[in-house]
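Asker:
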Amino acid sequence: MIAASFDYSAPETLADALRVLSDDPEAKILAGGQSLIPIMKLRLSIPSQVVDLGGIIDLHAIAEEEGIIRIGSMTTHEQVEHSELLSEKCPLLVAAASGIGDVQVRNRGTIGGSVAHADPAADYPAALQALDAKVKVVSSAGEKIIPIDEFIVDALTTALEPDEIITEIHVPTESTGIGTAYETIVQPASGYAIVGVAARIGLSEGNISFARVGITGVGSKAYRALAVEKALEGQPAKDDTYGIASRVAAEGVEALEDLHASSEYRAHLATVFTCRAIAAAAGRAQ
Amino acid sequence: MQRAIKVTVNGKEYEREVEPRMLLVHFLREELGLTGTHIGCETTVCGACTVMLEGHTVKSCTVLAVQANGKNLETIESVASDGDLHPIQEGFWNEHGLQCGFCTPGMIMSVKQLLGDNPNPSRDEIRHAIEGNLCRCTGYQHIVKSVESAAKAMVQE
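Line by line, the protein sequences give chains A and B. Residue 1 is where the first sequence starts when you use the working numbering, and the numbers rise one by one after that. Residue 1001 is where the second sequence starts when you use the working numbering, and the numbers rise one by one after that.
1) Under a Cβ-count criterion, where at least 16 other Cβ atoms within 10 Å of its own Cβ denotes burial, should K1145 of chain B be classed as buried or exposed?
2) With R106 of chain A and T76 of chain A assumed to form a contact (beta carbons below 8 Å), what rounded beta-carbon distance in angstroms separates them?
3) So does the stretch 1085-1099 of chain B actually touch the stretch 1131-1147 of chain B, counting three or more Cβ pairs closer than 8 Å?
4) Taking Cβ-Cβ distances shorter than 8 Å, what residues in chain B pair up with G54 of chain A?
5) Rounded to the nearest angstrom, what separates A255 of chain A and A127 of chain A at their Cα positions?
6) Following the continuous beta strand (DSSP E) through Q34 of chain A, name the residue where it begins and the one where it ends.
7) Say whether chain A places a C-beta atom closer than 8 Å to the C-beta of G1132 of chain B.
8) At least one CB of chain B closer than 8 Å to the CB of Y242 of chain A: is that the case?
9) Determine the chain B residues that contact E1 of chain A at a beta-carbon separation under 8 Å, and present them in chain order.
10) Judging by CA-CA distance, which residue of B:Q1067, B:S1081, B:G1036 is the nearest neighbour of L1023 of chain B?
11) Per DSSP, V20 of chain A forms a beta bridge with which residues?
12) Mind checking E251 of chain A: buried by the 16 CB within 10 Å criterion, or exposed?
13) May I ask which residues mark the beginning and end of the beta strand (DSSP E) holding F151 of chain A?
14) Using a Cβ cut-off of 8 Å (strictly closer), state whether V1063 of chain B contacts chain A.
15) DSSP three-state label for I201 of chain A, please.
16) Can you tell me whether DSSP reads Q187 of chain A as helix, strand or coil?
17) Whole-angstrom Cβ separation of L1085 of chain B and T1138 of chain B, contact assumed at under 8 Å?
18) If we cut at 8 Å on Cβ distances, does T1050 of chain B have a partner in chain A?
19) CA-CA distance, D123 of chain A and A1153 of chain B?
20) So the candidates are A:I244, A:I62, A:E150, A:G55; which of them puts its Cα closest to the Cα of D132 of chain A?
21) What are the complete beta strand (DSSP E) segments, minimum 3 residues, inside the stretch 1049-1088 of chain B?
22) My guess is that I278 of chain A and Y242 of chain A are in contact by the Cβ rule of under 8 Å, so how many angstroms apart are they, rounded?
23) Does any residue of chain B have a CB that is nearer than 8 Å to the CB of A189 of chain A?
24) Is the separation between the beta-carbon of V1018 of chain B and that of L1073 of chain B shorter than 8 Å?
25) Taking A15 of chain A as the reference, give the member of A:S87, A:I56, A:K136 with the closest Cα.
26) From T1050 of chain B to L226 of chain A, what does the alpha carbon distance come to, in whole angstroms?
27) From E168 of chain A to V197 of chain A, what does the alpha carbon distance come to, in whole angstroms?
28) Assuming the contact rule is C-beta atoms closer than 8 Å, T184 of chain A and V171 of chain A should be a hit. Round their C-beta distance to whole Å, please.
29) Can you name the residues that DSSP bridges to F210 of chain A?
30) Helix, strand or coil for Y1014 of chain B? Go by DSSP, reduced to three states.
31) Give the single residue among A:S114, A:D258, A:V253, A:A282 whose Cα lies nearest to the Cα of A270 of chain A.
32) Could you pull the DSSP bridge partners for E143 of chain A from this structure?
33) Name the chain A residues whose beta carbon is nearer than 8 Å to that of G1047 of chain B?
34) By the three-class DSSP mapping on this structure, what secondary structure does G1106 of chain B have?
35) For K238 of chain A, count the other beta carbons within 10 Å of its own beta carbon; 16 or more makes it buried, fewer makes it exposed. Which is it?
36) To be precise: take each residue of the stretch 1130-1154 of chain B, compare its Cβ to all Cβ atoms of chain A, and keep it if any distance is under 7 Å. Which residues remain?
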């Protein structure tokens, strides 16, 4: 399988990359290539030009500043998986990263690329939603910080404009009393989540004081399970609470159907894995 | 449109003109004649095309040759030296870690990375490390044993 012909550039600065994008609206950004190259081989994407961000060193750092961890968009899943800073201060993202694809894919694939691709079964979006993450995008006109909920619009559709590049993902440093978990059931051949649930739970005096639940793989895009969060907040931290709250995990969502799982089964899995993720996260919050 | 690239493969430098759409696996096999790296599914699934790019395993069907410009690559051809098998290859030989052998070059590159990072892996860690490499013959039991045998031999060396 060979992609259609395209022109290629590998700029060494962000400014140069942005210039190429503003000159050519049909140009496509290449990050790790683990989604773009396959879809180009299938000719689902036929860009005039590919702008490889691999040479821009500024996009690789992971750094903490004033309670926010900034992750460069070209940070690979492998780097997230093995980051000491993230293991200590944002273990939810580490858990999501370590389940993506396989070793070789994690060595190449990037967080910015995953978020920009917005695959409905990708692992990162659910975790980023539970983390209230933000996406920093830059164009020649300036920069914007976009909450992840607004950034991911639909399946394979984001708020990213053709002349913009994702430069950072911002996640909060986890405060004490908050526990997180990512629970997923994957399609064994591809490693994609059939259902993946990220939970971030805060406890105070035995009650749930804070709840964030992000779910991937079920609907056309990853979503915050607001009904579950609402059913948890203020309630005692015990299994009954989690079970009752999880029942509404797929409420109002048209669950996807494919050869791996029917719509009904996916919605059921959403309930089961939401319950597991909440229980695990609450266990770690104590 | 052709692009000039310079890569180091198994310690040897090569300069070639390639189309940007040429995949790394095709570059290795067709331009450099290094046919030890296999093409299986060509869809990022099977891992037969696994090579090391800057010390990390990648599926060379999902990397463009131009992305390897200026980079260092290692393929299965670098593993044995002067006709002597590497301990990982010995492990696969001794423990019957291959039948048809099609997945073996990619499998060995993944194991090379594993044992470089973790000289004494558990069975679970071995299975996790080769999750991106499919074998349709062995059922993986013998491959896991081969890796254990290689790890033991390499620690004793």
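Built from N, CA and C at the ideal position, the CB exists for glycine as well.
Answerer: According to the data block:
1) buried
2) 7 Å
3) yes
4) Q1067
5) 19 Å
6) From DSSP, Q34 of chain A is part of no beta strand (DSSP E); its letter is neither H nor E.
7) yes
8) no
9) A quick correction: the sequence has Met, not Glu, at residue 1 of chain A. Going along chain B in sequence order, the residues near M1 of chain A (Cβ under 8 Å) are E1042, T1043.
10) B:Q1067
11) Looking at the DSSP assignment, V20 of chain A forms no beta bridge with any residue, so it has no partner.
12) exposed
13) Run containing F151 of chain A: none in the beta strand (DSSP E); it sits in the alpha helix (DSSP H), 148-151.
14) yes
15) strand
16) coil
17) Contact flag wrong, Cβ pair sits at about 18 Å.
18) yes
19) 38 Å
20) A:E150
21) 1050-1053, 1056-1059, 1072-1074
22) 4 Å
23) yes
24) no
25) A:I56
26) 42 Å
27) 23 Å
28) That belief does not hold up - the Cβ atoms of T184 of chain A and V171 of chain A are roughly 19 Å apart, past 8 Å.
29) A:G202
30) strand
31) A:V253
32) A:V138
33) D102, Q104
34) helix
35) exposed
36) E1131, G1132
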